[in-house]
């Protein structure tokens, strides 16, 4: 795993995992690369090539063992670890992320919420208390930006200053970060615009 | 625009649009394919190839005129139209989508919220009132699924039965739809898993 894995392969990892989870829930034990490829709408050779990037997962005879493949992928993604996260932004998106139980089940724990409004209450902390000490003491490794576009860069700067190196950004704007900081964006309008394009392409009005 | 455009090109359309919006806000008038490519982290020849798919946008001399390129892309995506949408699911994600003003500014209007709980109130309608008549009368062309995983398929079926052909799905599950229905998913955990992978790859703990 020392060679740089391409972004396209990395993006397929959660999709593989999602499909394997469903198969596992349905109590299916084995799957061929061809069937797995069909479920992801890619080719079987793409599946084999992706898996060989990670050393191959030994498709024997009929196919891959679903539970062990799921476990391998889980380790590769890092789902065998726990992540403490904080969220900045106490709007509806921020609230949704705090209350959503699905992430916790995968080891992602939103341990506290901050807001740029300095009105602290029992559940939302003022952003002035987001310090290096807080991040260290609580072993926070990820920060979520759930503010509006205007506040996003300032919040990112504050997170980075306090020692956060991994940012999940929901604000609809690209943020600038130093080379050693990882940012993953969720641009919801990108997805909505793709829906609009495909709707118009089909004439689905 | 009769030839089928590849999903990769379609996915880049909103990214081009986002970058052009920012340039336009910053009052920049022209951009070369090389600079545009850099902003999207792709190659200049990719930019030219993408644009030629849509008939080319006439890069003259130094580069593209930003405002006219933005307008062309806006028409291609379909941002010159209005879309009436309904959302099913009155949790935090549903609430965030109803209250977010950014979509409205682009012509996407969430006109009402439904919930599978039959407790109607002033703002949330019971799903039993999501009928073919309602969809027609209100000219609804898109449905948003903001329920949990378990309810998503049932909600999709109900939407399709009432005449909705375009679905934006936030539930963390693939839904099955007839051939003529367009679905665009936002799987938030996919993005979170990519962040985890990249964090571990970098050793950013």
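Residue numbers (our numbering), protein chains in the order written: chain A, 1 to 205; chain B, 1001 to 1205. A virtual CB, placed ideally from N, CA and C, is assigned to each residue, including glycine.
With its beta carbon less than 8 Å from one in chain A, residue 1190 of chain B belongs to the interface. Restricting attention to alpha helix (DSSP H) runs no shorter than 4 residues, the segment 71-99 of chain A encloses them at 92-99, ordered along the chain.
Membership of residue 1124 of chain B in the beta strand (DSSP E) is indicated by the continuous run 1124-1126. Taking the C-beta atoms as reference points, residue 172 of chain A is found nearer than 8 Å to residue 1102 of chain B.
The beta carbon of residue 1165 of chain B falls within 8 Å of a beta carbon belonging to chain A, placing the residue at that interface. By a beta-carbon distance limit of 8 Å, residue 130 of chain A contacts residue 162 of chain A. Their separation comes to about 5 Å. Beta-bridge annotation (DSSP): residue 1142 of chain B is paired with B/1085. For the C-beta of residue 15 of chain A, the chain B residues within less than 9 Å are, from N- to C-terminus, 1187 and 1190. Straight across, the Cα-Cα distance linking residue 1109 of chain B with residue 1145 of chain B is about 15 Å.
At a cut-off of 8 Å between beta carbons, residue 1106 of chain B contacts chain A. A distance below 8 Å separates the beta carbons of residue 1087 of chain B and residue 1097 of chain B.
Under a 10 Å Cβ-count criterion, residue 8 of chain A is classified as exposed, with fewer than 16 other Cβ atoms of the shown protein chains found around its own Cβ.
Secondary structure note for residue 167 of chain A: its beta strand (DSSP E) is the uninterrupted segment 166-169. Between residue 1140 of chain B and chain A, the shortest Cβ-Cβ separation is not below 8 Å. Between residue 1182 of chain B and chain A, the shortest Cβ-Cβ separation is below 8 Å. Sequence-distant partners of residue 1115 of chain B (beyond 5 residues in either direction) whose C-beta falls short of 6 Å from its own C-beta, in its chain, are 1090 and 1124. Under the three-state reduction of DSSP, residue 1063 of chain B is assigned to strand.
Within the model, the alpha-carbon separation for residue 36 of chain A versus residue 18 of chain A is close to 11 Å.
Between residue 1182 of chain B and residue 1175 of chain B, the CB-CB gap reaches or exceeds 8 Å. Taking the CA atoms as reference points, residue 39 of chain A sits about 31 Å from residue 1127 of chain B. For residue 31 of chain A, the pairing in a beta bridge is given by DSSP as A/64. Cβ-Cβ separation between residue 1195 of chain B and residue 166 of chain A: approximately 6 Å, consistent with a contact (criterion under 8 Å). Taking C-alpha positions only, residue 1046 of chain B is separated from residue 168 of chain A by approximately 28 Å. For residue 189 of chain A, the enclosing alpha helix (DSSP H) covers residues 188-202. Remark: three or more beta-carbon pairs, one from each stretch, lie closer than 8 Å, so the segment 1052-1067 of chain B and the segment 1025-1036 of chain B are flagged as touching. Taking 8 Å as the CB threshold, residue 1029 of chain B stays off the interface with chain A. Here residue 112 of chain A has 86, 87, 125 and 138 as same chain residues with Cβ atoms under 8 Å from its own Cβ, once five neighbours each way along the sequence are excluded. Residue B/1070 holds the alpha-carbon nearest to the alpha-carbon of residue 1028 of chain B among B/1070, B/1180, B/1094 and B/1134. The beta-carbon of residue 99 of chain A is placed less than 8 Å from the nearest beta-carbon of chain B. At a cut-off of 8 Å between beta carbons, residue 159 of chain A makes no contact with chain B. Excluding the 5 residues flanking it on each side, residue 1151 of chain B has same chain C-beta neighbours closer than 6 Å at 1116, in chain order. The Cβ atoms of residue 23 of chain A and residue 73 of chain A lie no closer than 8 Å to each other. Here residue 92 of chain A is buried: its Cβ has 16 or more other Cβ atoms, across all protein chains shown, within 10 Å. In this structure residue 10 of chain A touches residue 1198 of chain B by the C-beta definition: roughly 7 Å separates them, less than 8 Å.
One thing to note: residue 12 of chain A has its Cβ no nearer than 8 Å to the Cβ of residue 41 of chain A.
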